[in-house]
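A.B. asks:
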Amino acid sequence: DAGVIQSPRHEVTEMGQEVTLRCKPISGHDYLFWYRQTMMRGLELLIYFNNNVPIDDSGMPEDRFSAKMPNASFSTLKIQPSEPRDSAVYFCASSWGQGPYNEQFFGPGTRLTVL
Amino acid sequence: GNSVTQMEGPVTLSEEAFLTINCTYTATGYPSLFWYVQYPGEGLQLLLKATKADDKGSNKGFEATYRKETTSFHLEKGSVQVSDSAVYFCALNAAGNKLTFGGGTRVLVKP
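Read top to bottom, the protein sequences are chains U and W. With our numbering applied, the first sequence corresponds to residues 82 to 196, in that order. With our numbering applied, the second sequence corresponds to residues 1091 to 1201, in that order.
(1) Would you say U/Y171 and U/Y129 are within 9 Å of each other, going by their C-beta atoms?
(2) Quick one: complete alpha helix (DSSP H) runs, 4+ long, within the segment 1111-1151 of chain W?
(3) Just by C-beta distance, which residues in the segment 1133-1155 of chain W are closer than 8 Å to chain U?
(4) Give the straight-line distance between the Cα atoms of W/T1160 and W/D1144, rounded to the nearest whole angstrom.
(5) Who does U/A148 pair with in a DSSP beta bridge?
(6) What's the C-alpha gap between W/L1134 and U/D137?
(7) Reducing DSSP to helix, strand and coil, say where U/S88 ends up.
(8) Answer yes or no: does any C-beta atom of chain U fall closer than 9 Å to that of W/G1193?
(9) Are the C-beta atoms of W/F1124 and some chain U residue less than 9 Å apart?
(10) Name the residue from W/V1199, W/A1184, W/D1174 whose alpha carbon lies nearest to the alpha carbon of W/Y1129.
(11) So the beta strand (DSSP E) W/V1094 belongs to, where does it begin and stop?
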């Protein structure tokens, strides 16, 4: 398997623009997670899905952020409008099955820079 | 709530030195514990895990023992290599599928 795939790997945009990050989970996995990593705040869980349904979005910072999972093989994280403080590395991860011992598989991340 | 505290880095070592990264946690119930590693420019990958008290996780020469009495899961390696330079994250999962991560510890191994 190719692992979790994220695109783009790097994104540079200007403040106020819409940004869409994409993720393809590992085939067969039923959980998908979006994380944000910054120097100041570390690794934060933004939202996660089970069987394409959002389960917990309590980590989504504000209404400018939205996430969708239209099918089992694709998810998007959208920021509109973007702000400089959104600059971070965004990771997508996927896992299989219910339970606290299951491994999450991470993608390579998208480095977002908002000017 | 659940939380993970790990030692701040960076930790700088010489090749073949002994590595210890401390990790303690606070959680309700009986969490599973994990160490993830992040190499430069990459995503996190699972290094090892333990799912119950006194379990020892091990992989690639790294070990960690789940200590319920001290709520700790310290990571150790007896002889590090330059290729072990990375950021190491301690994490727990107390229920469901949500991971709670520590702040990460950067390790730099010099030849």
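Note that CB positions come from ideal geometry on N, CA and C, so glycine has one too. Since this is a predicted model, take the numbers as computed values, not measurements.
C.D. replies: Taking the geometry as given:
(1) no
(2) none
(3) Of all residues in the segment 1133-1155 of chain W, only G1133, L1134, Q1135, L1136, K1139, T1141 place a beta-carbon less than 8 Å from a beta-carbon of chain U.
(4) If you draw a straight line from the Cα of W/T1160 to the Cα of W/D1144, it is about 11 Å long.
(5) U/L158
(6) 21 Å
(7) strand
(8) yes
(9) yes
(10) Distance check between W/Y1129 and each of W/V1199, W/A1184, W/D1174 places W/D1174 closest, using alpha-carbon atoms only.
(11) 1093-1096
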